[in-house]
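Heads up: the sequence shown begins at 29 in my numbering, then just goes up one per residue.
Read through the structure below, which is laid out as structure tokens, and then see the notes.
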Amino acid sequence: MDDARTTGVPFETVLAAAQSGAEWASATLWREYAPSVVGFARGRGSKDPDDLASEVFLSVFDTLSTFIGSESEFRSFLFSIAYRRVVDELRQRSRRGESVQWQPENDLRSEPSAEDAANLRSSDQSVLALFDFLPVDQRNVMVLRIVSDLTIEQIAEVLDKTPGAVKSLQKRALDALRKKVLTKPYPSRPLERLPV
């Protein structure tokens, strides 16, 4: 089935077809959910979020025949696997340490140009860096909520917490982010013109 014929197909139909081995249905699930998984993995610090998403979907497709549930439950199932894969990767990297191949543009002993520095500050990484100062639980909630677009209930299931605990973590994270973002490095009033 091509893309034009799969648009508008109910989730239950796509799921049943994927469970019976239909390639178009598996491809539809991949196209629909992989970008969110990649975003979640990137937001949590995966070194290769695309590769991690592929591993997640391999696990999903291996166990898909036993899955029973709605689209919402499928998202929870999918992100539970993604969460465990990210945790495994981070745990493995913390044990082994990280080795990075030397690249001149990443050498901290030289100063970047003003243009490079501006581009770096405006990149996706700087946006995700806002989450870096948050405690791990709050960071997990924010990445799952904002990047992966999960509901409070789905996040609770993924993180094995109550919805109330997730709401509390989200509120504390938002308060901390608000304080960090709203700090003004400049005076609140425009500078008055200096006499000449």
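Glycine residues also receive a C-beta, built at the ideal position from the N, C-alpha and C atoms.
These numbers come from a predicted model, not from an experiment.
Candidates the options: which alpha carbon is nearest residue i's?
{"i": "residue 178", "options": "51, 91, 105, 95", "result": "105"}
{"i": "residue 43", "options": "102, 75, 90, 62", "result": "102"}
{"i": "residue 165", "options": "194, 185, 157, 182", "result": "194"}
{"i": "residue 80", "options": "112, 95, 198, 182", "result": "112"}
{"i": "residue 95", "options": "206, 40, 66", "result": "40"}
{"i": "residue 72", "options": "107, 93, 38, 188", "result": "107"}
{"i": "residue 93", "options": "46, 86, 37", "result": "46"}
Nearest-angstrom Cα distance between residue i and residue j?
{"i": "residue 77", "j": "residue 114", "result": "9 Å"}
{"i": "residue 191", "j": "residue 201", "result": "15 Å"}
{"i": "residue 58", "j": "residue 119", "result": "26 Å"}
{"i": "residue 158", "j": "residue 109", "result": "25 Å"}
{"i": "residue 74", "j": "residue 50", "result": "30 Å"}
{"i": "residue 100", "j": "residue 61", "result": "12 Å"}
{"i": "residue 204", "j": "residue 162", "result": "8 Å"}
{"i": "residue 167", "j": "residue 183", "result": "12 Å"}
{"i": "residue 98", "j": "residue 210", "result": "40 Å"}
{"i": "residue 83", "j": "residue 65", "result": "11 Å"}
{"i": "residue 48", "j": "residue 208", "result": "50 Å"}
{"i": "residue 56", "j": "residue 123", "result": "37 Å"}
{"i": "residue 70", "j": "residue 63", "result": "10 Å"}
{"i": "residue 52", "j": "residue 88", "result": "16 Å"}
{"i": "residue 199", "j": "residue 116", "result": "27 Å"}
{"i": "residue 90", "j": "residue 131", "result": "38 Å"}
What span of residues does the alpha helix (DSSP H) with residue i cover, start to end?
{"i": "residue 82", "result": "77-91"}
{"i": "residue 209", "result": "191-209"}
{"i": "residue 226", "result": "No answer is possible for residue 226: it lies beyond the span of the chain, which begins at 29 and ends at 224."}
{"i": "residue 66", "result": "51-71"}
{"i": "residue 95", "result": "Here residue 95 belongs to no alpha helix (DSSP H), and DSSP marks it neither H nor E."}
{"i": "residue 37", "result": "Residue 37 -> no alpha helix (DSSP H), and no H or E assigned at all."}
{"i": "residue 167", "result": "164-170"}
Compute the beta-carbon to beta-carbon distance between residue i and residue j, rounded to the nearest angstrom, for a pair I have assumed lies under 8 Å.
{"i": "residue 186", "j": "residue 197", "result": "So it is not a contact: roughly 13 Å between Cβ atoms."}
{"i": "residue 175", "j": "residue 67", "result": "4 Å"}
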